[in-house]
Amino acid sequence: MAIEVLEDRWLLSALAVVLGGAAGAPRVDLVRGPTASLFRSVSGEMRVAEEVAFNSAAGLQTVTLPAGGGHFEVVIDAGDLVVRRRGGAELFRVNAGLVAGLVIEGSNDPERIDLHALTAADAAQIGGVTVNAAGANDTLIGSAGSDVLNGGPGNDLFHALGGDDSVTGGDGDDSLRGYSGNDTLDGGTGNDWILGTDGDDLLIGGDGNDTLHGQDGRDSLFGAAGNDSVSGGAGNDYADGQGSSYDTVSGGPGDDTLRGGTGSRDQLLERADADFILTDSNLTGLGTDRLSGFERAYVRGGAGDNRLDASAFSGWTTLVGAAGNDTLFGGTGRDRLIGNAGDDSALGNAGRDSLYGSAGRDTLSGQGSNDILRGGPGDDWLIGNSGRDNLGGGPGSDTLDGGDGTDLLVEAVAAVTTGQLVLSDSQLSDAGSPAERDRLANIEQARLWGSDNPDVLNASGFSGPTWLFGFGGDDTLFGGSGVDYLDGGAGDDGLSGLAGDDTLIADDGSDTLLGGAGNDSLVPGSGSDTALGEAGDDTIDSRDGEVDTVAGSGNGMAVSPGDNLLADASDVVDEGAVASVGGPRWIALYGGDGGEEMEGVWPTSDGGFIVAGSTDSYGVGNGDAWLLKVDGRGAVQWQKTYGGAGDEYAIDVRQTTDGGYIVAGWTESFGAGQADFWVFKLDASGGIQWQKTYGGTAIDQAWSVQPTTDGGYIVAGGTTSFGAGGADYWVLKLDADGDIQWQKTFGGPRDDGGGGDYSEFVVRVLQDRDGNFVVASETESFGHGATDIWVIKLDPSGNILWQKAYGGADEDTIWSFQETANGGYILPGSTVSFSPDTSGDLWALQLDKDGNIQWQKVYGLAGKWNEALSVGATSDGGSLIGGYYEQGTQDWDLYLLRLDANGVAQWTKVFEYAWDWPNAIQQLTDGGYIVAGVAWPNNQNQAEDLVLMRLAANGTVDPSCTRLSDMNLTQTTSTSSPAATNATVRDTAVVPQDSSAVVRDTTAAPNYLCQTAGGGAAALRAGGRAEP
């Protein structure tokens, strides 16, 4: 045929033109042309009798979908390859036999591109199909042949269907399903879900927290970066979590090769109704799997009688028996063994293990270390063996043997209406309904819980320390002959300490507190209470605003010389009471069976203290933030954990003007990355008013928070998500509701703000008396040597006023600093540069408000590493510095160094208990100090505890306290000069996210190492009432 050209010139180089198409609709196909595109006139109009399209023959065809999105499909119609809207107009038609590959380019709008109508033969005939999604949230459905499906930046959905397909998710949170064939499925960036289904598939997670399931076939799975879940399924698979994040890897049936990656908490996961044997290198049960790189394992049985044996595994394990009479063997790490239904047997092996029997007649044996054993319903046998164990039989008549070590019994009343627990050294009985009786052996401590009903908790026949909690109802609590802690809770309660140095705490209601023999501490609650110290040197604090009746020793209400009565003006007191002066001094430990580390302390307006840190003894996750409110004598007024499934850390805390608290730290349960800044506002009772996370995809740790003069807060820490280098300072200015007013990073090309072996990015901030902000930590980017102390001063808008580095040729670091009474700054840390014997010594610098050095000195111990961790400024312009020094290879000793305004040592005290270090210091209005830190006996039977010290102005408690002694540090001068720095300042654009921490009450009680009865805030006059 001929082509009639009316106006425009056609650019064709055809050898031949063939007429085809249906009757009445002629079509011209170009057998060979210069390109693979449709040929059109320059004007875009067709000037022939019938509309025609010219297509190159045997070439690659590219179809670009129009904007607007929609549902598109590719079909073979009457021998033609057709691209059309589903149920709508055709976009492209060509003879299928003339196509050598089809490429579909998507638009930026959401699209559903469907190839499923193409058979394998169709796909082969046209040379395969490639779909490139360009954006939005697209759905791509493959054909029965081998397709290439590429996603865009949105959250895309892929169904590859038949053939050996190649699917790439691209950016976004994508879902990829391979179906039959040997598919390659790559999630790309984002949190992706990938399913191989049939065939020998290759699955790649890419960046993000991905979920990969190989299912049938011999699959290869690679999690890549992020916290991934990788499951091989049936077949002999290769599954690798990869990366340094936290991965979970499962092989399924078959002989698999499984790798956890390079992270520190990668977990092996397997579950089936089978017997499993787990070692560090193998798992048998559903085949023989080869293992490497796993620090944790979760193995669950089924309905049968399963044997789950991890005795040769060195990591942490969770073994779950499910139904059946199961036998569980823990490994040498920290294990969690759960029998569930059936008569189960669980052996903890070495490590700090948790064993739970659940229903049935269970046998639990903790073996070594500090174990938790819970029997559950049924008549159970619990054996703690060596270590400091925590045993609870639960409902049923149980046998509990703590074994060696100091073991704790934990039980609650089982009655629905009224419970009555009676405890002796050999027996615990519950006279409620149903009546139960436990046999006890080698139990040294006990913690008993009541209910919301009227309960009786009677430990009068028990010789060890007890903690008794009544909760609701009108309860009656009796301590034993040891050191007891009795808390009545709500209701009209009666508390009697009996023998021992006891602490009795009342709450709501009209309570009666009887101290009994010993030196007791009695604290009436919010009702009209009666508190009688009885025999011994007792302390009674009834400053609660209610009308209480208080008296010291004996029923005759005589006051012994050692009694300390603290009262309101409305209280009725004994006529023999005399005025008391000063404040109480004491040293106490607080903690549970796990480890606690406290980082912040602040004096409160009621004369007590708020303490912030972390715990793995209590809470809902691996480790939770822990807040304790204690009174001036160290008695706990409230204590709570805040957290999620991961780890949370509370680092700094301050009281706010409304009587509540602002807390800063970081979270691994909530937020955008591995760890995010976490700031939460509490009311006066510890209830959350708001909680928010701030962060990027990497690690962001908040180490400092302070209320600001405008009613908001300044927060500082370290970030690896943002900034110029490996780690940068990150400072956030928040309003009163936690919304960001400005946010900036400060840093150079290397790590600034810390990091190191413990990945701690310790950046501190304060608002000084001029309203400016001062930020300090350490730098590797600037200064004189390996690391220098780096101080930046900012105006209220976050603009740099000055920045300087201080140090020598080696390592010089800092953990804390304070504004001094003269308006400058005291910065204590550690120095290798100026250490006389290069062993590492405490280094302190006094700066003026412009960053000039006023004095600098080194305080050392020959041949021993020592460094400062905390500092409290004093009212005379000096400071109290808290540090530690190495006392042999298995001991750190905490010391306190008092300096005057010129850096001259006034006194030094050393606290000796175990491995001890101080994390926070504040001077009090009476000239004394509160010190918060960590005491860690560092043996397999004990973990870290919080240590709180309420010290006099000269650093003492009482002459009888042998835990504190004098020491001397050698004082020398150093020669550092400030170095100018040039920080890169970057604005960040983080949007706060609300978090949803679970809040739980905890049960720690003070263990006093030293104490003396000081005075109180109220002076008592003869005649019966307190002077305000």
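For the sequence shown, the residue numbers in the working numbering are 1115 to 2142.
All C-beta atoms, glycine included, are put in the ideal place defined by N, C-alpha and C.
Remember, it's a predicted structure, so these values are computed and weren't measured experimentally.
Check each candidate in the options and name the one with the smallest Cα separation from residue i.
i, options, result
"Ser-1799", "Ala-1702, Val-1750 and Ala-1816", "Val-1750"
"Ser-2109", "Glu-1933, Gly-1885 and Gly-1757", "Gly-1757"
"Gln-1932", "Leu-1469, Ala-2049 and Ser-1891", "Ser-1891"
"Gly-1241", "Ser-1624, Asp-1223, Arg-1883 and Val-1213", "Val-1213"
"Gln-1881", "Leu-1600, Thr-1823 and Gly-1837", "Thr-1823"
"Glu-1713", "Ser-1511, Arg-2077 and Ala-1739", "Ala-1739"
"Arg-1200", "Trp-1752, His-1185, Asp-1389 and Thr-1945", "His-1185"
"Phe-1784", "Ala-1764, Gly-1760, Gly-1774 and Ile-1802", "Gly-1760"
"Leu-2083", "Thr-1253, Ala-1982 and Gln-1803", "Ala-1982"
"Gly-1067", "Phe-1794, Arg-1475, Thr-1617 and Gly-1482", "This structure does not reach residue 1067, given that the chain is present from 1115 up to 2142, and the question cannot be answered."
"Lys-1971", "Ser-1947, Gly-1977 and Val-1189", "Ser-1947"
"Gly-1522", "Gly-1623, Trp-1581, Asp-1544 and Ala-1631", "Note on identity: in this sequence residue 1522 is Leu, with Gly being the wrong assignment. Checked all of Gly-1623, Trp-1581, Asp-1544 and Ala-1631; the closest Cα to Leu-1522 is Trp-1581."
"Asp-1342", "Asp-2040, Arg-1379 and Phe-1390", "Arg-1379"
"Gln-1541", "Ser-1459, Ala-1573, Ile-1813 and Ala-1250", "Ala-1573"
Secondary structure at residue i, three-state DSSP: helix, strand or coil?
i, result
"Ala-1136", "The pLDDT assigned to Ala-1136 is 36, lower than 50, so where the model puts this residue is not dependable, and the model offers no usable value."
"Ala-1526", "strand"
"Leu-1069", "One cannot answer for residue 1069 here, as it falls past the ends of the chain, which runs 1115 to 2142."
"Ala-1749", "coil"
"Ala-1274", "coil"
"Gln-1239", "helix"
"Ala-1935", "coil"
"Leu-2123", "strand"
"Gly-1158", "The predicted model places Gly-1158 with a pLDDT of 35, which falls under 50 and marks its position as unreliable, so this point remains unresolved."
"Ala-2046", "strand"
"Ala-1424", "strand"
"Ala-2118", "coil"
"Ala-1613", "coil"
"Ala-1234", "helix"
"Tyr-1998", "strand"
"Asn-1396", "strand"
"Ala-1645", "strand"
"Val-1888", "strand"
"Leu-1179", "coil"
"Tyr-1293", "coil"
"Gln-1329", "coil"
"Asn-1246", "strand"
"Trp-1969", "strand"
"Phe-1585", "coil"
"Leu-2065", "strand"
"Ser-1595", "coil"
Thinking residue i and residue j are a contact (beta carbons under 8 Å), I'd like their distance in whole angstroms, please.
i, j, result
"Asn-1499", "Val-1524", "Contact flag wrong, Cβ pair sits at about 17 Å."
"Ser-1257", "Asp-1236", "7 Å"
"Val-1889", "Tyr-1843", "6 Å"
Which residue marks the beginning of the alpha helix (DSSP H) containing residue i, and which one marks its end?
i, result
"Ala-1830", "Where Ala-1830 is concerned, there is no enclosing alpha helix (DSSP H), although the beta strand (DSSP E) it sits in stretches over 1827 to 1833."
List the endpoints of the continuous beta strand (DSSP E) containing residue i.
i, result
"Lys-1858", "1854 to 1861"
"His-1898", "Counting along the chain, His-1898 falls outside any beta strand (DSSP E), and DSSP gives it neither H nor E."
"Arg-1553", "1550 to 1555"
"Trp-1792", "1790 to 1796"
"Lys-1978", "Here Lys-1978 belongs to no beta strand (DSSP E), and DSSP marks it neither H nor E."
"Asn-1269", "No beta strand (DSSP E) holds Asn-1269; DSSP gives it neither H nor E."
"Glu-1187", "1184 to 1191"
"Val-1281", "1280 to 1282"
"Trp-2021", "2019 to 2025"
"Ile-1765", "1762 to 1769"
"Val-1715", "1710 to 1717"
Does the ligand NAD have even one heavy atom less than 7 Å from the beta-carbon of residue i?
i, result
"Ala-1778", "The model depicted lacks the ligand NAD and carries no ligand whatsoever."
Check whether the Cβ atoms of residue i and residue j sit closer than 8 Å, and answer yes or no.
i, j, result
"Pro-2092", "Lys-1806", "no"
"Gly-1331", "Gly-1302", "no"
"Ile-1497", "Gly-1517", "yes"
"Asp-1467", "Arg-1448", "yes"
"Gly-1708", "Ala-2057", "yes"
"Gly-1215", "Leu-1271", "no"
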